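Comments concern the structure below.
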DNA sequence: GACGTTCTATACCGATCGGTATAGAAGCGG
DNA sequence: CCGCTTCTATACCGATCGGTATAGAACGTC
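Chains as they are written, first to last, in my numbering: chain A, 1 to 194; chain B, 195 to 388.
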């Protein structure tokens, strides 16, 4: 009942996601958003609440649409394949020509004026969730004899995600995909096997 | 001649540097700056020009005071020591208790509203300068037989700086110094020797 | 076709953004 | 003490920030 909205909320959210991805949370203004989404401010606030809620929805969409590879990589049979798939997945997302460069999470992790403290906390928390999940996967690998008995799963998880975060900065700075792929190959030499 | 200024410009610049370091370029407002520096806006503009010039001066001071280890590391005798010293130096600066977390350059590299495009360009350029210098050092090492003949100096330089950028994100996210030191040790396993 | 509901358009809100005009206070050489 | 210069304090500038009040337009229901 009532007047139907004249825009597709999903399309609009996707547009917002891309803006936040490219310009960060604080670097993206409401006017930027409404202009690109092709809607007016009351429509934005009526549909998405406010800027912070909109960002959180965009973040969730980002994880679902662009970070899905992470959770499927965890299901790979051996630790080395898990690590390699994760790194390749990150690089692919960060350097896709049709995507903004870098990583929405890493870009947002650095923007931290006092007003955006809550956003920053959320971002850090999302990173921790991924890191913990990867560490648990590596613990399992260690139990299964898939990683050496003297290896430290937490350290390895931190290592892999640090590489991913570093490549995000590289991608934001204009590094090419092939450059970063070779970098992943170098990093993987550190990864213990069997 | 004329009335002498009532504050120490160097102290004020240091304060500005720490603010930019912690909150990024756009996350730091003029009011934040004047409050922390203990001076008024006309004094700030009279002494430092404007916000962008102040940031550039802070950036220069940052490189001189906190990134000096980079250039002295380049003078180490072998490539492996160069790489290791650079990584340890970055981690030390990024996790020093009396410093803000992370890296001023990396934090600023991600904040990119339309208004800060020039700052972003400068930041990317500073990263490239360091990366090129390191690549040249590795080229020399290759000529000197210090690195394998089939190694790629540019890729190795990118690898080292990617680790440094990744650890900056980790440090901004609250990782401890020892955690990151162990991470450097893992990364260094990838580094070719002799 | 009137009604209640939901969306849209315009115009506006106080607060803050980076930056500055103006006037007075503090030092110098004469 | 006097200019002259330089810094400081207050008060202000237009623009933009995130967010909203109000009125009208577009639907389904009765």
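The C-beta atom is built at its ideal place from N, Cα and C for all residues, glycine as well.
Just so you know, these numbers come straight off a predicted model, no measurement behind them.
Beta carbon proximity, residue i to chain A, threshold 7 Å
{"i": "residue 209 (chain B)", "result": "no"}
{"i": "residue 381 (chain B)", "result": "yes"}
{"i": "residue 353 (chain B)", "result": "yes"}
{"i": "residue 349 (chain B)", "result": "yes"}
{"i": "residue 357 (chain B)", "result": "yes"}
{"i": "residue 303 (chain B)", "result": "yes"}
{"i": "residue 295 (chain B)", "result": "no"}
{"i": "residue 306 (chain B)", "result": "yes"}
{"i": "residue 364 (chain B)", "result": "yes"}
{"i": "residue 299 (chain B)", "result": "no"}
{"i": "residue 266 (chain B)", "result": "no"}
{"i": "residue 387 (chain B)", "result": "no"}
{"i": "residue 345 (chain B)", "result": "no"}
{"i": "residue 221 (chain B)", "result": "yes"}
Residue-chain proximity (residue i, chain B), Cβ-Cβ < 7 Å
{"i": "residue 36 (chain A)", "result": "no"}
{"i": "residue 92 (chain A)", "result": "no"}
{"i": "residue 23 (chain A)", "result": "yes"}
{"i": "residue 183 (chain A)", "result": "yes"}
{"i": "residue 43 (chain A)", "result": "no"}
{"i": "residue 76 (chain A)", "result": "no"}
{"i": "residue 31 (chain A)", "result": "no"}
{"i": "residue 127 (chain A)", "result": "yes"}
{"i": "residue 130 (chain A)", "result": "no"}
{"i": "residue 124 (chain A)", "result": "yes"}
{"i": "residue 173 (chain A)", "result": "yes"}
{"i": "residue 46 (chain A)", "result": "no"}
{"i": "residue 95 (chain A)", "result": "no"}
{"i": "residue 166 (chain A)", "result": "yes"}
{"i": "residue 176 (chain A)", "result": "no"}
6 Å Cβ shell around residue i - same chain, five flanking residues per side excluded
{"i": "residue 120 (chain A)", "result": "112"}
{"i": "residue 277 (chain B)", "result": "354, 385"}
{"i": "residue 238 (chain B)", "result": "228"}
{"i": "residue 326 (chain B)", "result": "none"}
{"i": "residue 371 (chain B)", "result": "289"}
{"i": "residue 69 (chain A)", "result": "89"}
{"i": "residue 47 (chain A)", "result": "9"}
{"i": "residue 201 (chain B)", "result": "233"}
{"i": "residue 66 (chain A)", "result": "93"}
Residue i burial status per 10 Å Cβ neighbour count (16 or more: buried)
{"i": "residue 342 (chain B)", "result": "exposed"}
{"i": "residue 224 (chain B)", "result": "exposed"}
{"i": "residue 12 (chain A)", "result": "buried"}
{"i": "residue 72 (chain A)", "result": "exposed"}
{"i": "residue 60 (chain A)", "result": "exposed"}
{"i": "residue 26 (chain A)", "result": "buried"}
{"i": "residue 213 (chain A)", "result": "Beyond the ends of chain A as shown, which are 1 and 194, falls residue 213 (chain A); an answer cannot be given."}
{"i": "residue 310 (chain B)", "result": "buried"}
{"i": "residue 231 (chain B)", "result": "buried"}
{"i": "residue 387 (chain B)", "result": "exposed"}
{"i": "residue 97 (chain A)", "result": "exposed"}
{"i": "residue 81 (chain A)", "result": "exposed"}
{"i": "residue 143 (chain A)", "result": "exposed"}
{"i": "residue 40 (chain A)", "result": "exposed"}
{"i": "residue 2 (chain A)", "result": "exposed"}
{"i": "residue 199 (chain B)", "result": "exposed"}
Contact set for residue i: own chain, Cβ-Cβ below 7 Å, skip 5 residues either direction
{"i": "residue 79 (chain A)", "result": "138, 141, 146, 147"}
{"i": "residue 377 (chain B)", "result": "361"}
{"i": "residue 15 (chain A)", "result": "36, 37"}
{"i": "residue 365 (chain B)", "result": "288, 289, 295, 296, 374"}
{"i": "residue 222 (chain B)", "result": "213, 214"}
{"i": "residue 322 (chain B)", "result": "none"}
{"i": "residue 55 (chain A)", "result": "20, 25, 119"}
{"i": "residue 251 (chain B)", "result": "207, 242"}
{"i": "residue 130 (chain A)", "result": "70, 161"}
{"i": "residue 211 (chain B)", "result": "252, 255, 256"}
Nearest-angstrom Cβ-Cβ length linking residue i and residue j, presumed shorter than 8 Å
{"i": "residue 52 (chain A)", "j": "residue 118 (chain A)", "result": "7 Å"}
{"i": "residue 367 (chain B)", "j": "residue 180 (chain A)", "result": "About 21 Å; that fails the 8 Å criterion."}
{"i": "residue 165 (chain A)", "j": "residue 285 (chain B)", "result": "The pair is not a contact, with the Cβ atoms about 14 Å apart (cut-off 8 Å)."}
{"i": "residue 244 (chain B)", "j": "residue 110 (chain A)", "result": "That pair is no contact at about 23 Å."}
{"i": "residue 281 (chain B)", "j": "residue 381 (chain B)", "result": "7 Å"}
{"i": "residue 329 (chain B)", "j": "residue 351 (chain B)", "result": "4 Å"}
Cβ neighbours of residue i in the same chain (closer than 8 Å, five flanking residues each side left out)
{"i": "residue 320 (chain B)", "result": "253, 257, 299"}
{"i": "residue 32 (chain A)", "result": "19, 23"}
{"i": "residue 345 (chain B)", "result": "332, 336, 386"}
{"i": "residue 270 (chain B)", "result": "276, 279"}
Closer than 6 Å: residue i CB and nearest the ligand NAP heavy atom
{"i": "residue 324 (chain B)", "result": "Looking at this structure, you won't find the ligand NAP or any other ligand, since it has none at all."}
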